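Please read the structure below before turning to the comments.
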Amino acid sequence: MKLACAISSTASSATVLCRGRRLFSSFSLPKTLSSSSYWRSWMSNTAATNSLHQISCSMSTSTSPSASPALSEPTPDKPKPKPQPWLIVGLGNPGKRYAGTRHNVGFEMIDTIADAEGISMGSVSFKAQFGKGFIGDVPIMLAKPQTFMNASGESVGAIVSYYKIPLKQVLVVFDDLDLPFAKLRLLPKGGHGGHNGMRSIMNHLKGSRDFPRLRIGIGRPPGKMDPASFVLRAFNRQEREELDFTLHNGLEAVRILVLEGFDKSATFVNSAKPLTV
1 MKLACAISST ASSATVLCRG RRLFSSFSLP KTLSSSSYWR SWMSNTAATN
51 SLHQISCSMS TSTSPSASPA LSEPTPDKPK PKPQPWLIVG LGNPGKRYAG
101 TRHNVGFEMI DTIADAEGIS MGSVSFKAQF GKGFIGDVPI MLAKPQTFMN
151 ASGESVGAIV SYYKIPLKQV LVVFDDLDLP FAKLRLLPKG GHGGHNGMRS
201 IMNHLKGSRD FPRLRIGIGR PPGKMDPASF VLRAFNRQER EELDFTLHNG
251 LEAVRILVLE GFDKSATFVN SAKPLTV
């Protein structure tokens, strides 16, 4: 028959009672555990209220109390897979002549990330200024190809090949004439859109276009100005303020991309508000 039983516990012993009758005498518990902690570890569903633990038990009238169940060993947690590294490439032209121009906003994005995350860009590898570090616990590599814009793929292709980085984790940041000034757009893949740096990268990735890219709008040239001349122009004061604000948003977009995934990062980019000057 089934009886409702109670276990009265003390620091070193316990007595089982059923409806006021003692069914078996007190017994000793390991000294290393209090009785309450012992029972909590043994019967995971037991509710503790001060010194009284209520349980439901069943026993046969013709047999003695059943043997105690064996302690179950906790299942070890599966180790988390190590985060895969990201390669983040900013496009531009090397040298002081091109510093601060529209065509070099990709370089500026890399500098912004490096400064914020404490990553040194002092080394030169794979024809690029190169740095390694982390965003959160995710390893990242930052690269600014020094091949000049139109040969950027020589550097990017070599890095991807050497480190065997999946293309879905290669982010390329570059300027875009077809976006309004200081506007960001994050895409999972796409063509080169007439951008010679992107064209070179795709050629050195065996024609693949399946890698994410962060485009930074630099606007269209005024009047009949040659686009080749326009992209080498510096920014005026107001434009500089707007661009710095955009670079900060780009930094946050990259952090979200690396730590939380493409969709959340794209949502952030699409909802970002421009600087009101």
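Each residue of the sequence shown is one higher than the last, beginning at 1 in UniProt numbering. Backbone N, C-alpha and C define an ideal beta-carbon position, used for all residues, glycine too. Note that this is a predicted model, so its numbers are computed, not measured.
Residues of its chain near residue i, where Cβ-Cβ distance is below 6 Å and the 5 sequence neighbours each way are ignored
i: F107; result: G90, G92 and K144
i: V269; result: L184, L186 and A253
i: P81; result: none
i: E260; result: none
i: M141; result: L87 and K132
i: Y98; result: N104
CB of residue i within 8 Å of CB of residue j, strictly
i: A234; j: L186; result: no
i: I201; j: S152; result: yes
i: L257; j: L171; result: yes
i: N169; j: W86; result: The residue you asked about is not Asn; residue 169 is Gln in the sequence shown. It is a contact, given that the beta carbons lie within the stated cut-off.
i: G157; j: H204; result: yes
i: M149; j: L247; result: no
i: A128; j: S161; result: no
Residues of its chain near residue i, where Cβ-Cβ distance is below 7 Å and the 5 sequence neighbours each way are ignored
i: A272; result: L184 and N249
i: P188; result: P212 and F262
i: G190; result: R209 and R213
i: L251; result: T112, I113 and A116
i: A266; result: L186
i: R199; result: H192
i: R255; result: I135
i: K264; result: I256
i: P180; result: G217 and G219
Secondary structure of residue i, DSSP reduced to three states
i: R209; result: coil
i: L184; result: strand
i: Q129; result: strand
i: F235; result: coil
i: M1; result: No answer about M1 holds up, because its pLDDT of 45 lies below 50 and its placement is not dependable.
i: A99; result: coil
i: P76; result: coil
i: I113; result: helix
i: F245; result: helix
i: G217; result: strand
i: S271; result: helix
i: S123; result: strand
i: I88; result: strand
i: P227; result: helix
i: D178; result: coil
i: F262; result: helix
i: K144; result: strand
i: I165; result: coil
Residue-level contact to chain C via CB, residue i, 8 Å cutoff
i: I110; result: Reference to chain C is not applicable here, since this structure consists of a single protein chain.
Beta-carbon contacts of residue i that lie in its chain and below 8 Å, excluding the five residues immediately before and after
i: F245; result: A182, P274 and L275
i: L232; result: Y98, T101, R102 and H103
i: P79; result: none
i: P74; result: none
i: G95; result: none
Contact belief for residue i with residue j at Cβ below 8 Å, rounded distance in angstroms
i: P139; j: P83; result: 7 Å
> Is there contact between the segment 192-207 and the segment 119-130, where contact requires at least three CB pairs shorter than 8 Å?
Replying inline: When Cβ pairs closer than 8 Å are counted between the two stretches, the segment 192-207 is seen not to touch the segment 119-130, the count staying below three.
>> With a threshold of 8 Å, are at least 3 pairs of Cβ atoms found where one atom belongs to the segment 134-141 and the other to the segment 95-102?
In response: Flag = no, the segment 134-141 and the segment 95-102 do not touch.
> Between the segment 168-181 and the segment 217-230, are three or more C-beta pairs nearer than 8 Å?
Replying inline: Judged by Cβ distances under 8 Å, the segment 168-181 makes contact with the segment 217-230, as three or more pairs qualify.
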